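Input: a single structure, listed below in structure tokens.
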Amino acid sequence: MKKQRSFKEKTFGILYLVPTPIGNLEDMTFRSVKTLQTVDLIASEDTRNTQKLLNHFDINVPQKSLHEHNYKERVPQFIELLQAGKSIAQVSDAGMPSISDPGHELVVACIAAEIAVVALPGPTAGLTALIASGLTPQPNYFYGFLKRKKKEQLEELTSLAYQKATMIFYESPYRLGATIENMMTVFGPERQAVVCRELTKIHEEYLRGTLAELHAYLAETPVKGECCLMVAGATEEAPPAEIVGTIIEQVDALVAEGIKPNVAIKEVAKKNGLKKQVVYNDYHGLNGV
């Protein structure tokens, strides 16, 4: 085990994790501005984007990029600077570093080198959107971005089919409709969900309804901007493995009699007092049991 006393017994420099606004620049805290003003270097996801923020607050500290394509080269350089007593502020383009953004590798390297890592509080899209969504805020499960390919995304969603907590996802507006369609397949069309777009900006908007309602709306009215998608947790329990086997056998028996699979699934669901979607997922191996 290792013990970190963030502001005591300072031997090396400090790595500060500084959140940046997710839209509205007024969300920048006094402490975040002061930290960026006083460190020796800023590690930025995109130096061009961060420069706009620095210009706004009249901050004149040099930057070096740190992103998914150069972290193997950059991390050792930053560790060397920190060990020499320099302090570094790490920022992403928006929100919290490491949350669906680069930076985790530098944090891990600092901890291994016994360099203090200090996180500043500030903007994060997931929880900000959640508390205004109307969905149950506790417990919550932050997932971030799902895989893009349909098969892989369905597998990910299937692992979450019986998640009780409200789930928080980030998604591109261009893939939002397809993602919700996949969620309808796994979670069922009546699951409550909320889309928040352009959070903290002038066009901030919340879309609240069932997955089916959201899907229909988005088909007619495509959205633009950064999106946060929140989905209510499951209300039903995952069926035991032995029951799943029985369900599959019942469906197979009806199919063998010439009944179409979807009709057989509906009948088995009614007979066993289960939701049709639960039986569908079990029959098609989408529940991972």
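Read in order, the letters of the sequence shown correspond to residues 7 to 295 in our numbering.
Yeah, the Cβ is synthetic: ideal placement off N, Cα and C, and Gly gets one too.
Keep in mind it's a predicted model, so treat the numbers as computed, not measured.
If you check the CB distance, Pro68 and Leu47 come in under 8 Å. Ala95: member of the beta strand (DSSP E) spanning Ile94 to Val97, first to last residue. For Lys70, the enclosing beta strand (DSSP E) begins and ends at Gln69 to Ser71. Tyr180 counts as exposed, since fewer than 16 other beta carbons sit within 10 angstroms of its beta carbon. Annotation: Gly150 is outside any alpha helix (DSSP H); the continuous beta strand (DSSP E) that includes it extends over Asn146 to Phe151. Between Ala244 and Tyr168, the C-beta gap is smaller than 8 Å, which places the two residues in contact.
Going by DSSP, Glu211 is part of the beta strand (DSSP E) stretching over Glu211 to Thr216.
Judged by DSSP in its simplified three-state form, Leu23 adopts strand. In terms of Cα proximity to Gln83, the closest of Phe63, Asp99 and Glu111 is Glu111. Scanning its chain for C-beta atoms nearer than 7 Å, with the 5 sequence neighbours on each side dropped, one finds around Ala240 the residues Ala167, Tyr168, Gln169 and Lys170, in chain order.
Between Pro108 and Tyr149, the beta carbon gap of about 18 Å keeps them out of contact (Cβ cut-off 8 Å). DSSP places Met236 inside the beta strand (DSSP E), whose first and last residues are Cys233 to Val237. Within 10 angstroms of the beta-carbon of Gln283 lie 16 or more other beta-carbons, which makes it buried.
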